[in-house]
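For reference, the structure is listed below as structure tokens.
In our numbering, the protein residues as written are 1 to 216.
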């Protein structure tokens, strides 16, 4: 039975010290000679047999660090460096629409999930919303794009947030001046929304990423 893996875990194994040294020798050989080493030459550099060098290259090939053409001499190429690890993806719930224009009630129904890099969505619970409207076009948000939002009740002045005004939600840039709070569009066609003391105002989260719709 195959070992259990956590969802989103990359299937490529981490590189070992011996494999890292092999990549280093191949890289430096190519830099000097302008072509790749044979297994005999690589083995001599690593102080191992040609067969052992061949096994190291096969392991690196399986892990996606090098490639080579079968039955063709000196065709070895480095295609990925050790610090270019494969991204781990996490699933974020897509919960409906958010109006990038006049405030509009978000449809709090689960519309599915989107996959997001863990380095983006790995710092706290997140949700995703599909953008409707054009008030945030100068921030790179257009109709049909999906914004990734980290759930948090507060944000810094100047950050883009998804906010709730009464029963309506909107995505805007937050500005705070003393006791004055404004939600500003990134489109000159729209006036700032002033949050008054009588307003039922709540920050739902901070926008941390945009996934552009197909065709963008």
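Think of the CB as a built atom: it goes at the ideal place given N, C-alpha and C, for glycine as much as any other residue.
The model shown is predicted, which means the values in this text are computed figures rather than measured ones.
**Report entry** CA nearest to the CA of residue 201, picked from 193, 166 and 66
**Finding:** Selected option, being the one with the closest Cα: 166.
Query raised in the report: Secondary structure at residue 96, three-state DSSP: helix, strand or coil?
Result: In the structure shown, residue 96 sits in a strand (DSSP, three-state: E or B).
Report task. Output yes or no for whether 7 Å exceeds the beta carbon distance between residue 111 and residue 96. Result -> Between residue 111 and residue 96, the gap from beta carbon to beta carbon is short of 7 Å.
**Report entry** Option in 122, 181, 61 and 207 with minimal Cα separation from residue 196
**Finding:** Here the closest residue by C-alpha is 181.
Query raised in the report: For residue 170, which beta-bridge partners are listed by DSSP?
Result: Per DSSP, 99 and 163.
Report task. In angstroms with no decimal places, state the Cα-to-Cα distance between residue 56 and residue 117. Result -> Inter-residue distance for residue 56 and residue 117 is about 30 Å (C-alpha atoms, whole angstroms).
Query raised in the report: What are the residues that DSSP puts in a beta bridge with residue 218?
Result: In the structure as shown, the chain begins at 1 and stops at 216. Residue 218 is therefore absent and cannot be evaluated.
Query raised in the report: In this structure, what does DSSP give as the bridge partners for residue 28?
Result: Looking at the DSSP assignment, residue 28 forms no beta bridge with any residue, so it has no partner.
Query raised in the report: In or out: residue 14 buried (at least 16 other Cβ within 10 Å) or exposed?
Result: With fewer than 16 other Cβ atoms within 10 Å, it is exposed.
Query raised in the report: To the nearest whole angstrom, what separates the beta carbons of residue 69 and residue 61, a pair I think is in contact under 8 Å?
Result: Rounded to whole angstroms, the Cβ separation of residue 69 and residue 61 is 11 Å, and the two are not in contact under 8 Å.
**Report entry** Spatial distance of residue 22 from residue 41 (CA atoms)
**Finding:** The C-alpha of residue 22 lies about 12 Å from the C-alpha of residue 41.
Query raised in the report: If you draw a straight line from the alpha carbon of residue 106 to that of residue 98, how long is it in whole angstroms?
Result: Any reading at residue 106 must be qualified, since the residue scores a pLDDT of 49, below 50, and its modelled position is unreliable; no value is offered.
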